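**Student:** Protein chains in written order, with my numbering: chain A, 2 to 113; chain B, 6 to 120.
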Amino acid sequence: GENVEQHPSTLSVQEGDSAVIKCTYSDSASNYFPWYKQELGKRPQLIIDIRSNVGEKKDQRIAVTLNKTAKHFSLHITETQPEDSAVYFCAATKAAGNKLTFGGGTRVLVKP
Amino acid sequence: GAVVSQHPSRVICKSGTSVKIECRSLDFQATTMFWYRQFPKKSLMLMATSNEGSKATYEQGVEKDKFLINHASLTLSTLTVTSAHPEDSSFYICSALTTSTDTQYFGPGTRLTVL
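1) What is the DSSP secondary structure of E84(A), counted as helix, strand or coil?
2) Any idea which residues DSSP pairs E57(A) with across the strands?
3) Mind listing the chain A neighbours of D107(B)? Cutoff is C-beta to C-beta under 8 Å, in chain order.
4) My guess is that A87(A) and L101(A) are in contact by the Cβ rule of under 8 Å, so how many angstroms apart are they, rounded?
5) Tell me which residues share the same chain as H12(B) and place their Cβ nearer than 7 Å to its Cβ, disregarding the 5 neighbours each side in the sequence.
6) Would DSSP call P35(A) helix, strand or coil?
7) Here's the rule: buried if 16 or more other CB atoms are within 10 angstroms of the residue's CB, otherwise exposed. What is Q15(A)?
8) Quick check on DSSP: helix, strand or coil for C50(A)?
9) Determine which residues share a DSSP beta bridge with F74(A) and list them.
10) Between Y110(B) and L47(A), which are expected to be in contact by the criterion C-beta below 8 Å, what is the C-beta distance as a whole number of angstroms?
11) Near D60(A), which residues of its chain fall below 6 Å by C-beta distance, leaving aside the five closest residues on each side in sequence?
12) Leaving out five residues before and five after F103(A) in sequence, what residues of the same chain have Cβ atoms less than 6 Å from its Cβ?
13) Quick check on G106(A) - is its C-beta less than 8 Å from some C-beta in chain B?
14) Please go through the region 45–69 of chain B and give each complete alpha helix (DSSP H) segment of 4 or more residues, from N-terminal end onward.
15) Beta-carbon within less than 7 Å of T80(B)'s beta-carbon, same chain only, minus the 5 sequence neighbours each way: which residues are those?
16) Whose C-beta lies closer than 8 Å to the C-beta of T87(B) among residues of the same chain, with five residues either side of it excluded?
17) Suppose the cutoff is 7 Å on Cβ atoms and the five residues either side in sequence are ignored; what does the same chain contact list for S29(A) look like?
18) Near S105(B), what residues of its chain come up, given a Cβ to Cβ distance below 8 Å and the 5 sequence neighbours on each side ignored?
19) Going by C-alpha to C-alpha distance, which of Y33(A), F74(A), N68(A), E80(A) sits closest to T108(B)?
20) Given Y63(B), which residues of its chain have a CB within under 6 Å of its CB, disregarding the five upstream and five downstream residues?
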């Protein structure tokens, strides 16, 4: 089955700096890659997703890049703000709508 | 749009009792819902896939007789933890799939504590 590795497990950045989280996946058939943000005790919230027919997608301060050949994808947060502090999870699946395999999560702390 | 609710948000029960958790899609129909378990500071672990009108598909290592899933309508799936024990204490989260975008939206979670 699919295996998703996520790095780093923790990330501390200064407010205004950029944060980058990287994930690798094992199943070359995977073609849908969502990212979720989870605040303490709250539900995971979808912040951005990318499908395998594109290499990059951007939404304001958040962007995701996908390298299908290398089987990795990354989340980029620019101009970080304290409210970006949370745990971020990447996930992968063979088709949007199928069960997701999650990475281990990255705890991001943005220091004011 | 795409709101998912869960009830209860928090439950404390005695060992040996059964607990039912409801997951509802409030503004869309979901033929597929997923149930996850999350331990403190850990990732989400998929327990089962719930399909409306059919039996749930359980992940390897998840006891189907222990975690009963019923998806009786297009907006409601329930997870019943039978004969709960302290090791079943966890954060249980459901998600519902929107067929329009094939996106999973998560419920707020249920924190189960078994004494």
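Yeah, the Cβ is synthetic: ideal placement off N, Cα and C, and Gly gets one too. These figures come from a predicted structure and were not determined experimentally.
**Tutor:** Taking the geometry as given:
1) Walking along the first sequence from the start, residue 84(A) turns up at place 83. Here E84(A) sits in helix by DSSP.
2) By 1-based counting over the first sequence, the position of residue 57(A) is 56. Answer is T66(A).
3) Reading the second sequence from its first residue, position 102 is the one you call residue 107(B). Going along chain A in sequence order, the residues near D107(B) (Cβ under 8 Å) are Y33, A96, A97, G98.
4) Looking up residue 87(A) in the first sequence gives position 86. Looking up residue 101(A) in the first sequence gives position 100. Going by Cβ atoms, the distance from A87(A) to L101(A) rounds to 18 Å, so no, they are not a contact pair.
5) Locating residue 12(B) in the second sequence gives position 7, where the first residue counts as 1. Result list for H12(B): E27, in chain order.
6) By one-based count along the first sequence, residue 35(A) stands at place 34. If DSSP states are grouped into helix, strand and coil, P35(A) belongs with the strands.
7) Along the first sequence, read from residue 1 onward, the residue named residue 15(A) stands at position 14. Per the 10 Å Cβ criterion, exposed.
8) Within the first sequence, the letter at position 49 stands for residue 50(A). Before going on, a small fix: residue 50(A) reads as Asp here, not Cys. In this structure, D50(A) counts as strand in the three-state DSSP scheme.
9) Here residue 74(A) corresponds to residue number 73 of the first sequence, with the count starting at 1. Under DSSP, the beta-bridge partners assigned to F74(A) are C24(A), L67(A).
10) Within the second sequence, numbered from 1, the residue matching residue 110(B) stands at position 105. Within the first sequence, numbered from 1, the residue matching residue 47(A) stands at position 46. The Cβ separation is near 7 Å, so the contact holds.
11) Walking along the first sequence from the start, residue 60(A) turns up at place 59. Same-chain partners within the cutoff: I49.
12) For the purposes of this step, residue 103(A) is identified with residue 102 of the first sequence, where counting begins at 1. F90, A92, listed in sequence order.
13) Locating residue 106(A) in the first sequence gives position 105, counting from the first residue. Closer than 8 Å to some Cβ of chain B, the Cβ of G106(A) qualifies, so yes.
14) Listed in chain order, there is nothing to give.
15) Taking the first residue of the second sequence as position 1, residue 80(B) is located at position 75. Only R29, S30, Q34, A35 meet the Cβ criterion.
16) Locating residue 87(B) in the second sequence gives position 82, counting from the first residue. S23, D70, K71, F72, L73.
17) Indexing the first sequence from 1 puts residue 29(A) at position 28. Cβ neighbours of S29(A) beyond the five flanking positions: K72.
18) For the purposes of this step, residue 105(B) is taken as the residue at position 100 of the second sequence. Result list for S105(B): F33, in chain order.
19) In the second sequence, residue 108(B) corresponds to position 103, counting from 1. The shortest C-alpha separation from T108(B) is found at Y33(A).
20) Here residue 63(B) is taken as the residue at index 58 of the second sequence, counted from 1. These residues qualify, in order along the chain: A53, K69.
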